[in-house]
Structure formats: C-alpha cells, structure tokens
Amino acid sequence: MAWSYVKMSMVGTAAACSNDDKIMAAVVVLTQTPRKCPWGGSVLGHKTYKRDRIAADWQLNQDYFVERPLYNEEHFRRRFRMRQELFLRIVDEVTAKNRFFKQRRNAARQLGFSALHKCTVALKMLAYGGPADELDDHLKMGESTVLKSLKEFVLTVIKK
Numbered sequence: 033m034a035w036s037y038v039k040m041s042m043v044g045t046a047a048a049c050s051n052d053d054k055i056m057a058a059v060v061v062l063t064q065t066p067r068k069c070p071w072g073g074s075v076l077g078h079k080t081y082k083r084d085r086i087a088a089d090w091q092l093n094q095d096y097f098v099e100r101p102l103y104n105e106e107h108f109r110r111r112f113r114m115r116q117e118l119f120l121r122i123v124d125e126v127t128a129k130n131r132f133f134k135q136r137r138n139a140a141r142q143l144g145f146s147a148l149h150k151c152t153v154a155l156k157m158l159a160y161g162g163p164a165d166e167l168d169d170h171l172k173m174g175e176s177t178v179l180k181s182l183k184e185f186v187l188t189v190i191k192k
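The sequence shown lines up with residues 33 to 192 when you count with this note's numbering.
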C-alpha cells in the first residue's frame, strides 16, 4: 500500500504533492522493511557443499539402468523392493504428472537432479525410512532436497 502511495506521488497528483511528510514516511517504511524473496536461494553464513550431481546421476545409471549394469535384477529388487520395470514405469508416470521431476537447470545454469535420481531417493526413503541426509553419501543429494523430492513424490502419487 505504501508503495502505491509513493508511485502516486511521483506522477504528481495534487493530493500527493501536499503531503510531503506522508511521502517521506512511506519511503522510510519501504526502505526499512525487509523483503523476502519468493524463491529460496543461498543464505549468508550457510555452508554449501560441492556435490557432483552429474557424476552421482551417472553412477546411479551405471549401477542399475544401463544395458550391462553393475548390479543385476536381483540386487535391484532387493534394494528397491520392486522390479526394475515397475520402478521405471513409476518414474515415467510421476514425471508426466509433476514438472518438479523434470530435470532443469538452476539459476547458475547447472543441471539439476534427474527424474530418476529424485524418484530413487523418494522410493528409498519410503522403502527404508531413516534420516534424509543418509542418502547424501552415495546419491549426493542434501537433506532438504531429499525431503522435497519425497513430498512431491507422495503428493503426485496421491493426486493420481
């Protein structure tokens, strides 16, 4: 509201010109009020980690999803508690329903996590539970991203 008052004063309406004190008060309020950005972004003082998302995604593919994977179908079934075909079908369906799972570039133009990666952490959290930062070791995904992936996955499955 104060901002619209300041904008009105800049165009020179008669009422605004006679109220210099109110204009100055509105300017002071606007400059002193902290504005929260609608997006997250980095936070001063928080430690950031150089996680190699691309290498982690490549390794996940090499372990399970290439023509000759490191681990066979039996390993996959034991670790994910489902067949690989079902897992890939779930990934495709969830990606089609929720754009969160599509791989995109971030503000720094770096590729984010793939749909396969996000669904992997969500399904591992559902299958095994445990702390969210436990998956950081081998999947290179931080706790907040794991929890966001899990939340989006569950909401997408419920909506379907």
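Where a beta carbon is used, it is the ideal one built from N, C-alpha and C, also for glycine.
| field | Whether L92 touches T152 by CB criterion (8 Å) | value | yes
| query | Exposed or buried, D84, counting other C-beta atoms within 10 Å across all chains shown (16 or more means buried)? | reply | exposed
| task | Round the Cβ separation of D89 and S146 to the nearest angstrom and send it over; I've been treating them as touching at under 8 Å. | result | 5 Å
| From K150, D169, R137, F112, pick the residue whose C-alpha is nearest to that of Y160; which is it? | F112
| query | Which first and last residues belong to the alpha helix (DSSP H) in which V75 is found? | reply | Looking at the DSSP string, V75 is not in any alpha helix (DSSP H), and its letter there is neither H nor E.
| task | Please list, in chain order, all residues of the same chain as A57 whose beta carbon is under 7 Å from its beta carbon, the five residues on each side excluded. | result | none
| DSSP three-state assignment for L102, whether helix, strand or coil | coil
| request: Give a yes or no on whether the C-beta atoms belonging to E166 and N130 are separated by under 8 Å. | output: no
| query | Among L179, M157, K150, which residue has its Cα nearest to the Cα of I194? | reply | The structure shown does not extend to residue 194, since the chain is modelled only from 33 through 192, so no value can be given for it.
| task | Please list, in chain order, all residues of the same chain as G144 whose beta carbon is under 8 Å from its beta carbon, the five residues on each side excluded. | result | R85, Q135, R136, R137, N138
| message | What does the Cβ neighbour count give for W35, buried or exposed, with the cut at 16 atoms within 10 Å? | response | Low confidence applies to W35: its pLDDT is 48, below 50, so where it sits in the model is not reliable enough to give any reading.
| Does the distance from the CB of A164 to the CB of L179 come in under 8 Å? | yes
| Are the beta-carbon atoms of F119 and V126 separated by less than 8 Å? | no
| 8 Å CB neighbourhood of E175 in its chain, flanking five on each side removed | P163, A164, D165, D168
| Beta-carbon proximity list for L102, same chain, < 7 Å, skipping 5 on both sides | Q94, D95
| query | Are the beta-carbon atoms belonging to R109 and R115 less than 8 Å from one another? | reply | yes
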